[in-house]
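If you're matching them up, the sequences are chains A and B in order. Counting from 26, one number per residue, gives the positions in the first sequence under this note's numbering. Counting from 26, one number per residue, gives the positions in the second sequence under this note's numbering. Notes follow once the structure below has been shown.
There are 2 protein chains.
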Amino acid sequence: MSKASDIAYETIKSLIFRNEIRPGQQLKEEDLAIKCGVSRTPVRDALVRLEADFLVEKRDNQRSFVADPSCDDIDDLFALRAMLEGHAAARAAERMTPALVSDLRNCLKIIERDQSVSVFLDHNAKFHQIILLAAGSKRLVSMLERLISQAVVHHTANAYSPEQISKSIAEHRELTDAIEHGDADWARAVITGHIRRAFHVYSQRVRTLGVSLDETAA
Amino acid sequence: MSKASDIAYETIKSLIFRNEIRPGQQLKEEDLAIKCGVSRTPVRDALVRLEADFLVEKRDNQRSFVADPSCDDIDDLFALRAMLEGHAAARAAERMTPALVSDLRNCLKIIERDQSVSVFLDHNAKFHQIILLAAGSKRLVSMLERLISQAVVHHTANAYSPEQISKSIAEHRELTDAIEHGDADWARAVITGHIRRAFHVYSQRVRTLGVSLDETAA
DNA sequence: AAAGACAATTTTGTATACAATTTTCTTGAA
DNA sequence: TTCAAGAAAATTGTATACAAAATTGTCTTT
Numbered sequence: 026m027s028k029a030s031d032i033a034y035e036t037i038k039s040l041i042f043r044n045e046i047r048p049g050q051q052l053k054e055e056d057l058a059i060k061c062g063v064s065r066t067p068v069r070d071a072l073v074r075l076e077a078d079f080l081v082e083k084r085d086n087q088r089s090f091v092a093d094p095s096c097d098d099i100d101d102l103f104a105l106r107a108m109l110e111g112h113a114a115a116r117a118a119e120r121m122t123p124a125l126v127s128d129l130r131n132c133l134k135i136i137e138r139d140q141s142v143s144v145f146l147d148h149n150a151k152f153h154q155i156i157l158l159a160a161g162s163k164r165l166v167s168m169l170e171r172l173i174s175q176a177v178v179h180h181t182a183n184a185y186s187p188e189q190i191s192k193s194i195a196e197h198r199e200l201t202d203a204i205e206h207g208d209a210d211w212a213r214a215v216i217t218g219h220i221r222r223a224f225h226v227y228s229q230r231v232r233t234l235g236v237s238l239d240e241t242a243a
Numbered sequence: 026m027s028k029a030s031d032i033a034y035e036t037i038k039s040l041i042f043r044n045e046i047r048p049g050q051q052l053k054e055e056d057l058a059i060k061c062g063v064s065r066t067p068v069r070d071a072l073v074r075l076e077a078d079f080l081v082e083k084r085d086n087q088r089s090f091v092a093d094p095s096c097d098d099i100d101d102l103f104a105l106r107a108m109l110e111g112h113a114a115a116r117a118a119e120r121m122t123p124a125l126v127s128d129l130r131n132c133l134k135i136i137e138r139d140q141s142v143s144v145f146l147d148h149n150a151k152f153h154q155i156i157l158l159a160a161g162s163k164r165l166v167s168m169l170e171r172l173i174s175q176a177v178v179h180h181t182a183n184a185y186s187p188e189q190i191s192k193s194i195a196e197h198r199e200l201t202d203a204i205e206h207g208d209a210d211w212a213r214a215v216i217t218g219h220i221r222r223a224f225h226v227y228s229q230r231v232r233t234l235g236v237s238l239d240e241t242a243a
């Protein structure tokens, strides 16, 4: 990750996640190049990738803007995630190995011991990553990573309360059981519910605050 | 599509589909630039896009190669397609409008009247496109278009016999009925079967010929 | 004022030069 | 011969200059 192109990609993504550039705002190659400390060429490479991630949108006039997902978009995003993660979990269950189960249990152990939010976020991501890799489909990996990299998903995690975190941990435990039993349908059902719940935590919070999380986080 | 970057993208994709560059073969930016009649800069843009399409693979040593999907990859590809197209058809059924149904029936009419292979291929693609757009999810569109743009999918269509084409048309007719009734589950079931059948036509042909279609097409 | 034409500015697109890296070739020692 | 080291060639990565396109501002005409 020493190449200028990767630096640009990570830097811009981080700027978007940290809300230093807002949804709907125009992205100018020259500005970004200065912010990233590289030339326009790697910035352009990065923009192409970010567009594939749905984080940046290139309009007809050739200008790039930070994506500003509508409510429908967000609903759609979670629906797709539920479907794809369900598929991944089912495949992981079908391909279950003792090594996989022990990886998952290790991950769980760390979360359960130290119930801090940051540890939870880290290992929650790692947990899903293990399942995704176990599913053994590079296309699925690529598609899901694109969905998960959405700003909304990133913000959702911060909306979890302690009770919701412990509920989430319980779901992870059940998912591990399902995979250990090689029960694809069970695994799919658990994770689908898991994602659906994340969606409702998110939309509940948006309704309560009456604003988008993007604005609150700024 | 007058920009050099789009020319490069389409040209390289066409070279891959026409098997003028073979799976596994290395892609050199300079060579491609000459073949496309543009400079290396737009070729690099195109390669990034083709990589996202899984048509080109960039290895650790930074060299790009034409993707060479294994049997498992192909199996995986069809499974993902079946799932995503199923989802698209279900959503299209839920959002059914008379205009949508009439679009589909028009498309069908053209295929039924002129049962030539090229017309079938054209309007088969158009038919799926209509459903995809009706599903109203830009992320789904992007993901499915990437899967459909695979060389394998491209080659599958050419493997259809007249009987298989008429069977395929019948499935399209049933799918239209399902959507007209707004029956999401029915629509999903029909299209899932449709894709699965395409998969078996493909793998049957590969087994019969004893070689990959890539080799026969060259 | 309002609309249109056109110049000035900004922004993106492409080509090219050069730097960095990887691969290939050559040479020499064990 | 085999292997390693290092030079040479090939290839990719980045910066920059300039071309093309889009946007903005200004002036004129009505």
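Using N, Cα and C, we set each Cβ at its ideal position, and we do this for glycine too. These figures come from a predicted structure and were not determined experimentally.
Inset, instruction - Would you identify the three-state DSSP class for residue 53(B), choosing helix, strand or coil? - result: Residue 53(B): coil per DSSP, three-state reduction.
Inset, instruction - State the beta-bridge partners of residue 83(A) as determined by DSSP. - result: In DSSP, residue 83(A) forms a bridge with 89(A).
Inset, instruction - Verify whether the separation of the beta carbon atoms of residue 209(A) and residue 118(A) is less than 8 Å. - result: The answer is yes: Cβ separation under 8 Å.
Inset, instruction - Establish whether the CB of residue 57(A) and some CB of chain B are separated by less than 8 Å. - result: It does not; no Cβ of chain B falls within 8 Å.
Inset, instruction - Indicate whether at least one CB of chain A lies closer than 8 Å to the CB of residue 12(B). - result: Residue 12(B) lies beyond the range of chain B shown here (26 to 243); nothing can be said about it.
Inset, instruction - Let me know the secondary structure DSSP gives residue 45(B) once reduced to three states. - result: Here residue 45(B) sits in coil by DSSP.
Legend entry - Given 8 Å, three or more beta-carbon pairs between the segment 176-189 of chain B and the segment 121-129 of chain A: With a cut-off of 8 Å, the segment 121-129 of chain A and the segment 176-189 of chain B do not count as touching, because too few Cβ pairs lie within range.
Inset, instruction - Report the residue from 46(B), 133(B) and 101(B) whose alpha carbon sits nearest the alpha carbon of residue 146(B). - result: Scanning 46(B), 133(B) and 101(B) for the CA closest to the CA of residue 146(B) turns up 133(B).
Legend entry - residue 225(B) at chain A interface by Cβ criterion, 8 Å: No, because no Cβ of chain A sits closer than 8 Å to the Cβ of residue 225(B).
Legend entry - Whether residue 75(A) touches residue 46(A) by CB criterion (8 Å): Contact: no.
Inset, instruction - For residue 112(A), go through chain B and note every residue whose CB falls closer than 7 Å to its CB, in chain order. - result: Residues of chain B whose Cβ lies closer than 7 Å to the Cβ of residue 112(A) are, in chain order, 108.
Inset, instruction - Assign residue 177(A) to one of three DSSP states: helix, strand, or coil. - result: In this structure, residue 177(A) counts as helix in the three-state DSSP scheme.
Inset, instruction - Using a Cβ cut-off of 9 Å, pull out every chain A residue sitting near residue 84(B), in sequence order please. - result: By Cβ distance, chain A contributes nothing, its closest Cβ being about 13 Å from residue 84(B), past 9 Å.
Legend entry - Closest by C-alpha distance to residue 163(A), when choosing among 102(B), 232(B) and 72(B): With distances taken between Cα atoms, residue 163(A) lies closest to 102(B).
Legend entry - Exposure label - residue 78(B); buried when at least 16 CB within 10 Å: By the 10 Å Cβ count, residue 78(B) comes out buried.
Legend entry - Opening and closing residue of the alpha helix (DSSP H) in which residue 8(B) lies: The structure shown does not extend to residue 8(B), since chain B is modelled only from 26 to 243, so the question has no answer here.
Legend entry - Spatially closest choice to residue 70(B) from 44(B), 94(B), 33(B) and 93(B), by CA coordinates: Residue 70(B) has its Cα closest to that of 33(B), out of 44(B), 94(B), 33(B) and 93(B).
Inset, instruction - Can you give me the Cβ contacts of residue 29(B) inside the same chain, cut-off strictly under 7 Å, excluding the 5 residues immediately before and after it? - result: Here the set comprises 63 and 67.
Legend entry - Assigned exposure category for residue 55(B) - 16 Cβ within 10 Å defines buried: With fewer than 16 other Cβ atoms within 10 Å, it is exposed.
Inset, instruction - Can you tell me which of 161(A), 88(A) and 226(A) puts its alpha carbon nearest to the alpha carbon of residue 53(A)? - result: Closest by alpha carbon: 88(A).
Inset, instruction - Tell me, please, whether the CB atom of residue 81(B) is closer than 8 Å to any CB atom in chain A? - result: So no, residue 81(B) is outside the interface.
Legend entry - Beta-carbon proximity list for residue 107(A), same chain, < 7 Å, skipping 5 on both sides: In the same chain as residue 107(A), and ignoring 5 residues on each side of it, the C-beta atoms closer than 7 Å to its own belong to 217, 220 and 221, in chain order.
Legend entry - Helix, strand or coil at residue 236(A) [DSSP, three-state]: Any reading at residue 236(A) is ruled out, since the residue's pLDDT is 47, under 50, leaving its predicted position unreliable.
Inset, instruction - Output yes or no for whether 8 Å exceeds the beta carbon distance between residue 114(A) and residue 200(A). - result: Going by C-beta atoms, residue 114(A) is nearer than 8 Å to residue 200(A).
Inset, instruction - Report yes if the CB atom of residue 232(A) is closer than 8 Å to the CB atom of residue 160(A), and no otherwise. - result: For residue 232(A) and residue 160(A), no; Cβs fall outside 8 Å.
Legend entry - Interface residues of chain A facing residue 158(B) [CB-CB closer than 8 Å]: None at all; the shortest Cβ gap to chain A is about 14 Å.
Inset, instruction - For residue 77(B), decide whether its Cβ has a neighbour in chain A, counting only Cβ atoms nearer than 8 Å. - result: Chain A, which has a Cβ nearer than 8 Å to the Cβ of residue 77(B), makes this yes.
Inset, instruction - Leaving aside the five residues before and after residue 242(B) along the sequence, list all residues of the same chain whose C-beta is less than 7 Å from its C-beta, in chain order. - result: Residue placement at residue 242(B) cannot be trusted, given a pLDDT of 41 that sits under 50; the coordinates are not used to answer.
Inset, instruction - Measure the Cβ-Cβ separation of residue 91(B) and residue 50(B) and say whether it is below 8 Å. - result: Going by C-beta atoms, residue 91(B) is nearer than 8 Å to residue 50(B).
Legend entry - Run of the alpha helix (DSSP H) containing residue 134(B), from where it starts to where it stops: For residue 134(B), the enclosing alpha helix (DSSP H) stretches over residues 123-138.
Inset, instruction - Decide if residue 97(A) is buried, meaning its Cβ has at least 16 other Cβ atoms within 10 Å, or exposed. - result: With fewer than 16 Cβ atoms within 10 Å of its Cβ, residue 97(A) is classed as exposed.
Legend entry - Boundaries (first-last residue) of the alpha helix (DSSP H) holding residue 28(B): Taken as a continuous stretch (DSSP letters only), residue 28(B) belongs to no alpha helix (DSSP H), as it is neither H nor E.
Inset, instruction - Can you grab the Cα-Cα spacing for the pair residue 204(B) / residue 177(B), in whole Å? - result: Between residue 204(B) and residue 177(B), the C-alpha separation is close to 28 Å.
Legend entry - Neighbouring residues, chain B, relative to residue 74(A) (Cβ below 9 Å): Those are 73 and 77, listed as they occur along chain B.
Legend entry - Beta carbon proximity, residue 93(A) to chain B, threshold 8 Å: No, because no Cβ of chain B sits closer than 8 Å to the Cβ of residue 93(A).
Legend entry - Spatial distance of residue 202(A) from residue 128(A) (CA atoms): Taking the straight line joining both Cα atoms gives about 13 Å.
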